[in-house]
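Working notes, beginning with the structure itself.
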């Protein structure tokens, strides 16, 4: 989910804070992205009126604010301001921009190596600060840990209570991460948070909650009676998690014990062969979690932060300076998507730390508390940087969503000459070379022959669904899923570490007999409305060079950054500080790097009909160098029927041709168009078999792009389009992944059209995939 526009009933100001958009809504109230008088972006929780009117609640709220203000800032989202006496009660915290740990693990699989160690250390630091203020969090879980640009931060003290206050015996928390004492209704203290720390670290390492899933009673009984699943953990970190998950709270270490043990430990080894994962979109942002009722929200993500290149390790991080508190700002984005739901990249990088004595109580060391703190900060500075660089690198919230994704390997990306491979895309299977100017016989693989065959990568979401339904005697549905899985689709490159994915695709295409692979590149920093720093863009361009070098002379089609020409900093409804000209320059450079390969075709973002408009898109494509690319793509964010998408593409192509030939502005209807100067384009037909959706009910925000009902997959990928300007129909979006939670302007999590709570953006949704397969036009065969 992206930052939502303010609704009709939302205030525009609360106290001195201007409200820019909605971050989410939970049981206590609505969380907004706000801006203070000094321009600082903050998260503002506006308390629900039904609670606000309760004098008892106001007293409890005042105690909560007083407690939260005592918590030290490091590794937490501090409370900046509050009003518990005015007409409307509200709480203001630092705005933390970045995905939640839950988002990252769902998107890219378990964390490994220094990313995992850094996460564990940061959460232990946060708990020490929280407990030191006399507060118990009581709901520490993966969705309440944000991977910000400066490292992991623990958020949401919405249900935290003073440790020395009278505690309720009510069960409060998220079942999979609750302590045994929470389950039994016993008194809660700091040890309960330590148990939740262990559960959260175990989830980050293994990709599943340590006590499994299932019904709430089943999970709670496992917490009380069974041993945890600690897959992915080893060495000292595993020992610390085992201690933290002791059933008896008196046997658990303190937060300080955890910090001491982590500061002395040898970093966990990175995984050499990370397991597959399911890309997911949605990054969580905000200093206050909106999911007091289990509901998350996202704001547009930050771009690359680490000065190390995407995919490279964070080795030799010493000397880079200490990691301190702070958060990047964000700007409100225009409502609606600019592309399919963006998945969130996983953590990458590895860093070394000197081995030392291990122990919960710091045995073997005679240093004092200050020395232990200094030692931990030195160790954490390196490991947290690895997480922070990845956490900030959020990307396209689009159906990147099958389970074909990989958790990134923490690899040493070095080139053969001993230099660092900046893109993190080299690999031992193929020789990655620096892209060189294309030879004169360069050709677009989509135009090289009459009948092009596309490479079909594994679609694990559909394949696994078929297996499940087959076992459940849903044979007809299972067969449809197998047919869906067999259709060629774009391979997403949207993480720091993509070497394995590029290698697997290129090699697979060659071994399959020369099918043409389609790559969807979705990693440009600041791609939705925000400006980006020069160092971050330099890292992105190096990443692009690595991909180009790895593809080399193999055939490939590149769909370059959907949405990148729709929401641009410096344009209407976006951050006014940015420059459209810089975006055009950055895209030109990326396209030219990829086009230097002899058999690579590159298509730029052409958006879709009506938004932002033909004239606007023509102007932006010309500025981006459409005459140097192979063309543009349309319909990745929509469900327009193929004929309508083609009509829009022709209109846009004609406008570009006229403007290039005459220098005129707009799209003059009286101008003569030279067909030879009209750019070609490709159409995304992955979800347009039944065309766009128009709701029969009235909604204040119909979100027609969001999991529209009654839609089907469209024409299969082919170059036989019978249209001179249309190089191909492609499946760029994912037919079986959710657009996110679609509320359509209503309250609650359920989609009022479907009557269910949809999976988060980018997650596989079997019933949605089945609906689109059944309504395929033409039918799946």
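Residue numbers (the numbering used here): 345 to 1125. Backbone N, C-alpha and C fix where the C-beta goes; we use that ideal spot for every residue, glycine too. Since we're looking at a predicted model, the values are computed, not measured.
- Taking 9 Å as the cut-off, the Cβ atoms of residue 437 and residue 499 count as close.
- The beta carbon of residue 378 sits closer than 6 Å to the beta carbons of 361, 363, 386 and 388 from its chain, once the five residues preceding and following it are set aside; these are given in chain order.
- For residue 591, the closest C-alpha among the options 559, 585, 523 and 564 is that of 523.
- Cβ atoms of residue 414 and residue 478 come within 8 Å of each other, at about 7 Å.
- For residue 497, the enclosing beta strand (DSSP E) stretches over residues 495 to 498.
- The three-state reading of DSSP puts residue 1108 in strand, counting E and B together.
- At the C-beta level, residue 1027 and residue 1074 come within 9 Å of one another.
- A Cβ-Cβ distance of about 15 Å is found for the pair residue 485 and residue 421, leaving them out of contact under the 8 Å criterion.
- According to the DSSP secondary-structure assignment, residue 444 is paired through a beta bridge with 490.
- Assignment of residue 884 by DSSP, reduced to helix, strand and coil, places it in the helix class.
- Note that the C-beta distance between residue 434 and residue 367 is not below 9 Å.
- Uninterrupted alpha helix (DSSP H) stretches at least 4 residues long and entirely within the stretch 942 to 1000 occur at 958 to 968, given in chain order.
- Excluding residues up to 5 positions away in sequence, 546, 554, 555 and 589 lie with their Cβ nearer than 7 Å to the Cβ of residue 572 in the same chain.
- In this structure, 1114 is the residue among 945, 1022, 852 and 1114 with its C-alpha nearest to the C-alpha of residue 1054.
- Within the same chain, 996, 999, 1000, 1003 and 1011 come within 8 Å of residue 962 by CB-CB distance, once the 5 residues on both sides are set aside.
- Counting of Cβ neighbours within 10 angstroms places residue 570 among the exposed residues, the total staying below 16.
- In terms of Cβ geometry, residue 852 and residue 789 do not form a close pair [threshold 9 Å].
- By the CB criterion at 9 Å, residue 584 and residue 464 fall inside the cutoff.
- Across the structure, residue 563 and residue 526 are spaced so that their CA atoms are roughly 13 Å apart.
- Beyond the five residues adjoining it in sequence on each side, residue 856 comes within less than 7 Å, by CB distance, of 799 in the same chain, given in chain order.
- For residue 806, the enclosing alpha helix (DSSP H) starts and ends at 804 to 815.
- With contacts defined by Cβ atoms closer than 9 Å, residue 1051 and residue 1098 form a contacting pair.
- Partner residues in a beta bridge of residue 1041, as assigned by DSSP, do not exist.
- Straight-line spacing of the CA atoms in residue 455 and residue 602 works out to 19 Å.
- Taking all protein chains shown into account, residue 1122 has fewer than 16 neighbouring C-beta atoms within 10 Å of its C-beta and is therefore exposed.
- For residue 437, the enclosing beta strand (DSSP E) has its first and last residue at 434 to 438.
- Annotated as proximal: residue 901 and residue 1072, with beta-carbon spacing under 9 Å.
- Residue 946 and residue 408 have their C-alpha atoms some 54 Å from each other.
- Closest option to residue 529, judged by alpha-carbon separation, among 352, 991 and 568: 568.
- Using a Cβ-Cβ distance cut-off of 8 Å, the stretch 905 to 923 and the stretch 857 to 876 are in contact, since at least three pairs of beta carbons, one from each stretch, lie closer than that value.
- As far as DSSP is concerned, residue 828 takes part in no beta bridge.
- For residue 903, the secondary structure class from DSSP, reduced to helix, strand or coil, is strand.
- Straight through space, the alpha carbons of residue 1079 and residue 865 are spaced by roughly 18 Å.
- By the neighbour-count definition (other C-beta atoms within 10 Å, threshold 16), residue 894 is a buried residue.
- For residue 865, there is no enclosing alpha helix (DSSP H); the residue is part of the beta strand (DSSP E) that begins and ends at 862 to 865.
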